[in-house]
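Enquirer:
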């Protein structure tokens with residue numbers, strides 16, 4: 348086997364699964380537009396307030412609905428057609444984008460409406476993301492999951508890589524309304540693709556959404572040290588190391604609005620390089636150890652961003668950090684998708700969403716608050732990177748089972764759990780039909 352084949356990206360999921368191909372195309376197109384709005388909303392808040400803390404408060408607005416709706420979305424994803432849930436949420440997100448477009452056309456755009464839009468978007472995403480994450484393993488073969496995760500990540504990196512710089516160009520050249528209008532058009536493509544995907548019904552004998560079913564998912568997550576490790580390591584890395592709330596202010600020192608898109612896109616360049624060369628991940632089974640190493644390297648890259656005073660070095664450090672974060676993300680997704688039973692996949696996807704969203708959201712607030720102290724913007728970034736590295740080392744010492752985790756054991760655990768659930772469901776069905784025949 349050549350080095351190119353050993354390291355290169357496996358595209359077989361796109362070739363062999365029509366439904367995954369449709370989900371991939373729709374997801375990349377809508378992500379392209381969403382990344383543009385992801386840059387535009389903080390830019391608009393910064394322009395209206397000139398206050399880094401006010402930009403960081405966007406994350407606070409997004410946190411509460413995510414904390415609630417990710418559990419609701421996870422429970423629903425294990426009970427109803429996952430495709431319908433994803434498509435309905437996509438339509439709701441398009442409507443919210445329309446609200447942002449209308450607000451941007453006002454002579455005096457409402458600041459509060461930007462926070463409301465962030466609140467609603469996070470809530471809808473909390474409904475959608477667990478269903479989407481739970482749907483993907485049903486569209487491809489189990490042995491294709493590592494390649495599927497890499498292909499999905501590649502699509503998101505392309506969307507981020509081209510969407511965010513385009514946002515900077517659009518913001519420097521056109522009115523805000525045109526930027527939001529572009530995002531709105533991308534939802535048309537995603538909705539068409541999702542409509543063409545075949546139904547993805549819930550697992551047999553699915554648990555009805557309830558507090559009890561949510562608690563069942565939480566207990567399962569708590570019982571799996573390797574799952575807890577993925578959550579805690581990523582929360583630590585993003586809380587201390589996420590500097591994105593400070594990009595509008597960092598851009599002011601490095602070149603203005605046109606540079607802003609480059610700052611957002613630089614991590615995607617590193618992520619893209621890591622994804623293209625991700626073939627080696629399928630042959631590594633110490634997944635927990637790799638998550639820890641990659642999270643610490645993310646922190647190292649963020650330290651470099653804070654200490655840099657030139658654009659090229661800042662972009663290089665962000666790209667390095669993005670590559671490390673992608674490696675961490677790939678191994679976390681492999682752990683989740685290869686080891687979690689299908690009947691719990693939606694609820695666990697909700698918990699996963701909390702882990703990879705709460706860290707960045709709280710991290711934005713942390714960065715904005717620290718920037719208002721004597722540390723300033725650069726200090727808030729590099730100190731956060733140091734704390735990220737320290738936290739990763741502390742978690743490695745506190746979670747020895749996570750460090751020793753072997754992916755082969757996780758796959759066997761999932762198979763056993765799926766077989767047990769299928770047998771239980773068959774027994775319930777047989778008991779029910781037997782009871783019915785007696786009554787008649």
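In the working numbering, the protein residues as written are 348 to 787. C-beta: ideal position from N, C-alpha, C; glycine also.
(1) For residue 480, which three-state DSSP category applies?
(2) Which stretch, first to last residue, makes up the alpha helix (DSSP H) that contains residue 578?
(3) Identify the continuous alpha helix (DSSP H) that holds residue 599 and give its terminal residues.
(4) With a cut-off of 8 angstroms on the beta carbons, I'd call residue 406 and residue 734 a contact; round off their distance for me.
(5) Over the uninterrupted alpha helix (DSSP H) stretch that includes residue 542, give me the two end residues.
(6) Scan the region 627–708 and note each continuous alpha helix (DSSP H) run of 4 residues or more that stays entirely inside, going in chain order.
(7) Excluding five sequence neighbours on each side, which residues of the same chain lie with their C-beta closer than 6 angstroms to the C-beta of residue 703?
(8) Note the first and the last residue of the continuous alpha helix (DSSP H) segment covering residue 569.
(9) Pick from 584, 612, 627, 359: whose alpha carbon is nearest that of residue 594?
(10) Rounded to whole angstroms, what's the CA-CA distance from residue 530 to residue 377? Just pull it up for me.
(11) Would a C-beta distance cut-off of 8 angstroms place residue 746 and residue 576 closer than the cut-off?
(12) Identify whether residue 550 lies in helix, strand or coil by the three-state DSSP scheme.
(13) In angstroms with no decimal places, state the Cα-to-Cα distance between residue 738 and residue 672.
(14) Whose C-beta lies closer than 7 angstroms to the C-beta of residue 631 among residues of the same chain, with five residues either side of it excluded?
(15) Hey, out of 388, 409, 459, 706, whose CA is closest to residue 444's CA?
(16) Rounded to the nearest angstrom, what separates residue 547 and residue 424 at their Cα positions?
(17) Got a sec, what are the start and stop residues for the alpha helix (DSSP H) residue 313 sits in?
(18) Let me make sure I understand the geometry here. Which of 621, 555, 643, 533 has the alpha-carbon closest to that of residue 586?
(19) Hey, residue 560 and residue 434 are a contact pair by Cβ (cut 8 angstroms); roughly how many whole angstroms apart?
(20) Using 8 angstroms for Cβ pairs, my map puts residue 705 next to residue 410. What's the rounded Cβ distance?
(21) Closest by CA to residue 682, which one among 566, 716, 628?
(22) What distance in whole Å lies between the Cβ atoms of residue 515 and residue 605, which are believed to be in contact at a cut-off of 8 angstroms?
(23) Do you know how far the Cα of residue 460 is from the Cα of residue 453?
(24) Run through DSSP, which three-state label would residue 617 get?
(25) Taking residue 688 as the reference, which of 457, 721, 766 has the closest Cα?
(26) I'd like to know whether the C-beta atoms of residue 507 and residue 615 end up nearer to each other than 8 angstroms.
(27) Take every Cβ of the region 472–489, pair it with every Cβ of the region 426–433, and state whether three or more of those distances are shorter than 8 angstroms.
(28) Just the C-alpha distance for residue 566 and residue 657, rounded to the nearest angstrom, thanks.
(29) Note down the Cα distance separating residue 666 from residue 473, rounded to an integer number of angstroms.
(30) In whole angstroms, give me the CA-to-CA distance for residue 728 and residue 505.
(31) Can you tell me whether residue 366 is buried or exposed? The criterion is at least 16 other CB atoms within 10 Å of its CB, across all chains shown.
(32) Can you check the region 714–765 for any alpha helix (DSSP H) of at least 4 residues that lies completely inside it and give the ranges in chain order?
(33) When the Cα of residue 371 is compared with those of 402, 487, 384, which residue comes out closest?
(34) Once the 5 residues before and after residue 651 are set aside, which same chain residues still bring their CB inside 6 angstroms of it?
(35) Measuring alpha carbon to alpha carbon, tell me which of 447, 518, 402 ends up nearest residue 714.
(36) Using the C-alpha atoms, what's the distance from residue 716 back to residue 726?
Expert: Once the coordinates are examined:
(1) Taking the chain shown and counting its residues from 1, the one referred to as residue 480 is at position 133. Residue 480: helix per DSSP, three-state reduction.
(2) For the purposes of this step, residue 578 is taken as residue 231 along the chain shown, with counting starting at 1. Residue 578 -> alpha helix (DSSP H) spans 572–588.
(3) Position 252 of the chain shown holds residue 599. Note, residue 599: alpha helix (DSSP H), 594–601.
(4) Along the chain shown, one-based indexing puts residue 406 at 59. Along the chain shown, one-based indexing puts residue 734 at 387. That pair is no contact at about 17 angstroms.
(5) Position 195 of the chain shown, counted from the first residue, corresponds to residue 542. It spans 523–543 - the alpha helix (DSSP H) in which residue 542 sits, taken as one unbroken run.
(6) 634–654, 658–686
(7) What you label residue 703 is simply residue 356 of the chain shown in a count that begins at 1. Excluding positions up to five away in sequence, the list reads 581.
(8) Translated into positions along the chain shown, residue 569 becomes position 222. Segment 558–569, the alpha helix (DSSP H) holding residue 569.
(9) Mapped onto the chain shown, residue 594 falls at position 247. Considering only alpha carbons, the answer is 612.
(10) Taking the first residue of the chain shown as 1, we reach residue 530 at position 183. Taking the first residue of the chain shown as 1, we reach residue 377 at position 30. Whole-angstrom Cα-Cα distance: 7 angstroms.
(11) Walking along the chain shown from the start, residue 746 turns up at place 399. Walking along the chain shown from the start, residue 576 turns up at place 229. For residue 746 and residue 576, yes; Cβs fall inside 8 angstroms.
(12) The count along the chain shown starts at 1 and reaches residue 550 at position 203. Of the three classes helix, strand and coil, the one that applies to residue 550 here is coil, per DSSP.
(13) Counting from one through the chain shown, the residue named residue 738 turns up at place 391. Counting from one through the chain shown, the residue named residue 672 turns up at place 325. When rounded, the distance between both Cα atoms is 15 angstroms.
(14) What you label residue 631 is simply residue 284 of the chain shown in a count that begins at 1. Contacts found: 637.
(15) Against the chain shown, residue 444 aligns to sequence position 97. Closest by alpha carbon: 388.
(16) What you label residue 547 is simply residue 200 of the chain shown in a count that begins at 1. What you label residue 424 is simply residue 77 of the chain shown in a count that begins at 1. Cα to Cα, the separation comes out at about 10 angstroms.
(17) With the chain running from 348 to 787 in the structure shown, residue 313 is simply not present.
(18) Counted from its first residue, the chain shown places residue 586 at position 239. Minimum Cα distance to residue 586 is reached at 643.
(19) Residue numbering aside, residue 560 sits at position 213 when the chain shown is read from its first letter. Residue numbering aside, residue 434 sits at position 87 when the chain shown is read from its first letter. With a Cβ gap of about 23 angstroms, residue 560 and residue 434 do not count as contacting.
(20) Taking the chain shown and counting its residues from 1, the one referred to as residue 705 is at position 358. Taking the chain shown and counting its residues from 1, the one referred to as residue 410 is at position 63. Their Cβ separation, rounded to whole angstroms, is 6 angstroms, which keeps residue 705 and residue 410 in contact under 8 angstroms.
(21) Reading the chain shown from its first residue, position 335 is the one you call residue 682. The residue with the shortest Cα to Cα distance from residue 682 is 628.
(22) The sequence position of residue 605 within the chain shown is 258, counting from 1. The sequence position of residue 515 within the chain shown is 168, counting from 1. Contact holds; Cβ gap of about 5 angstroms.
(23) Position 106 of the chain shown, counted from the start, is the residue given in the question as residue 453. Position 113 of the chain shown, counted from the start, is the residue given in the question as residue 460. So the two alpha carbons sit approximately 12 angstroms from each other.
(24) Taking the chain shown and counting its residues from 1, one reaches residue 617 at position 270. Three-state result, residue 617: helix.
(25) Counting from one through the chain shown, the residue named residue 688 turns up at place 341. Per the Cα distances, 766.
(26) Within the chain shown, numbered from 1, the residue matching residue 507 stands at position 160. Within the chain shown, numbered from 1, the residue matching residue 615 stands at position 268. Yes.
(27) yes
(28) Position 219 of the chain shown holds residue 566. Position 310 of the chain shown holds residue 657. Between residue 566 and residue 657, the C-alpha separation is close to 48 angstroms.
(29) Reading the chain shown from its first residue, position 319 is the one you call residue 666. Reading the chain shown from its first residue, position 126 is the one you call residue 473. Near 28 angstroms, if we compare the C-alpha coordinates of residue 473 and residue 666.
(30) Stepping through the chain shown from its first residue, residue 728 is reached at position 381. Stepping through the chain shown from its first residue, residue 505 is reached at position 158. Taking the straight line joining both Cα atoms gives about 26 angstroms.
(31) If you number the chain shown from 1, residue 366 lands on position 19. With 16 or more Cβ atoms within 10 Å of its Cβ, residue 366 is classed as buried.
(32) 723–745, 747–751
(33) Reading the chain shown from its first residue, position 24 is the one you call residue 371. Out of 402, 487, 384, 487 has the C-alpha closest to the C-alpha of residue 371.
(34) For the purposes of this step, residue 651 is identified with residue 304 of the chain shown, where counting begins at 1. Answer for residue 651: 664, listed in chain order.
(35) Translated into the one-based positions of the chain shown, residue 714 becomes position 367. Answer by Cα proximity: 402.
(36) Taking the first residue of the chain shown as position 1, residue 726 is located at position 379. Taking the first residue of the chain shown as position 1, residue 716 is located at position 369. Rounded to the nearest angstrom, the two C-alpha atoms are 12 angstroms apart.
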